[in-house]
Ligand code: NAD
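In our numbering, the protein residues as written are 150 to 539.
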């Protein structure tokens, strides 16, 4: 893509978070970035844990940096997880960046805004990919959707692994095996992917979402929508809105029967910027048959199931509750491929606008930019920083 702006170097570090296997840019996207006017500098072995060798990056025209010092010269640093999205070391990336360097990453700025303030203090220009507007033009950059797709798929595999049952119906000489009954709560991107993956494995899949529009989407991927007669909780931008405790109590009561009849429950319910709602109480678990499995994809956001412990598996009366964290990292190759394609589209857009100049008329730029010139520029994050610490 022709551009009048200067040649910029993109630095691709090895992720700092210990368990993280993904890499922000994969070799297949290096050529597109070079065509857009970027140089790509990759830290040695940055892609290894996702299945991409240094030789593959070199073949596509990237350079390999021997270490962090060389990488630090890059104009733009692209990370998978930085700031609040790197729970092990939320301030680490910021400390290695310098004034006017550009950071593009998942930063989870609404959960914990303090690492964002530290980035602003260092005068880093930061883009948080979570804040991309869900508009058609930004679909190719939508990292959250990509990662939710991977998580929804993997959740079903974890459920199948933990379940003492097979998913498909089988007619064998040893008798007929009935198909597993799977109930998916929350039919956003992850939930819809979980429905179609469980269907592909042969399960009967029921699903529910508080947004009425989800009904048709559930059907389109082979699920059976369940109607509990509850009011819609559709909020702004096609997301769910937070409801009061009375609503969640009524929802729990309405869902108890379907949960009790399910072999597997996969929960994905989330409300942007809020703690995930508790939808399955410990009481409801005791109504499930022994051997049943709950996979709580909201574990990192506080959990949809009362018994969930993030990163752990707990057993309550023979029911296994899994609280997996960072599932996309466990499917690192394809998760990186999707992440990289998304971030490449974002970088190409920025370059088209004349990066390092920023076009604040473009809502994709405006919404994702969180720090610039020593300031936290996102009003929601500023409000969070100003709020008293609870
Ligand atoms: P999310 O991760 O914020 O939430 C997951 C799902 O949980 C949502 O479908 C939500 O409605 C549901 N939920 C919340 N509270 C619930 C409750 N109490 N009970 C049951 N379900 C509950 O959502 P997401 O996957 O990021 O998607 C949110 C919306 O954005 C969807 O409508 C999706 O189709 C849409 N979307 C649009 C685009 C685009 O146009 N570019 C891209 C991605 C997603």
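C-beta atoms are modelled at their ideal positions from N, C-alpha and C, and glycine is treated no differently.
Beta bridge pairing from DSSP links residue 321 with 324. A direct Cα-to-Cα measurement between residue 330 and residue 412 gives close to 5 Å. By the Cβ neighbour-count rule, residue 500 is buried, with 16 or more other Cβ atoms within 10 Å of its own. Pairing residue 496 with residue 240 gives a Cβ-Cβ distance that is not under 8 Å.
Here residue 305 is not near residue 268, since their CB atoms are 8 Å or more apart. Between the segment 227-238 and the segment 202-210 there are fewer than three C-beta pairs closer than 8 Å, too few to call the two in contact. Less than 8 Å divides the Cβ of residue 192 from the Cβ of residue 220.
For residue 227, the secondary structure class from DSSP, reduced to helix, strand or coil, is strand.
At a cut-off of 7 Å, the beta-carbon of residue 360 counts as near the ligand NAD: some heavy atom of the ligand is closer than that. Taking C-alpha positions only, residue 311 is separated from residue 468 by approximately 10 Å.
In terms of Cα proximity to residue 309, the closest of 213, 491, 444 is 444. Here residue 188 is bridged, per DSSP, to 158. For residue 276, the uninterrupted beta strand (DSSP E) run begins and ends at 274-277, by DSSP.
Note on residue 274: 16 or more other CB atoms within 10 angstroms of its CB, so buried under the neighbour-count rule. The C-alpha of residue 439 is placed about 49 Å away from the C-alpha of residue 226. In its chain, beyond the 5 residues on either side, 396 have a beta carbon closer than 8 Å to the beta carbon of residue 380.
Looking only at 494, 530, 457, 449, the smallest Cα-Cα distance to residue 300 is reached by 449. The closest heavy atom of the ligand NAD lies less than 7 Å from the beta carbon of residue 387.
Positions of the beta strand (DSSP E) runs, each at least 3 residues long and wholly inside the segment 323-393, are given as 324-326, 330-334, 353-357 in order along the chain.
Per the coordinates, the alpha-carbon of residue 242 lies some 8 Å from the alpha-carbon of residue 165. In the DSSP annotation of this structure, residue 197 is not part of any beta strand (DSSP E), being labelled neither H nor E. Remark: the shortest separation between the CB of residue 394 and any heavy atom of the ligand NAD does not fall under 7 Å.
Taking a C-beta distance under 8 Å as the contact criterion, residue 336 and residue 363 qualify as a contact pair. Comparing alpha carbon positions, the residue from 490, 520, 321, 248 closest to residue 288 is 490. Per DSSP, residue 293 is not a residue of any beta strand (DSSP E); the alpha helix (DSSP H) it occupies stretches across 292-311.
The three-state reading of DSSP puts residue 212 in strand, counting E and B together. The way I'd put it, the segment 313-326 doesn't touch the segment 398-411; fewer than three beta-carbon pairs between them come closer than 8 Å. The beta carbon of residue 213 lies closer than 6 Å to those of 191, 193, 203 in the same chain, with the five residues before and after it left out.
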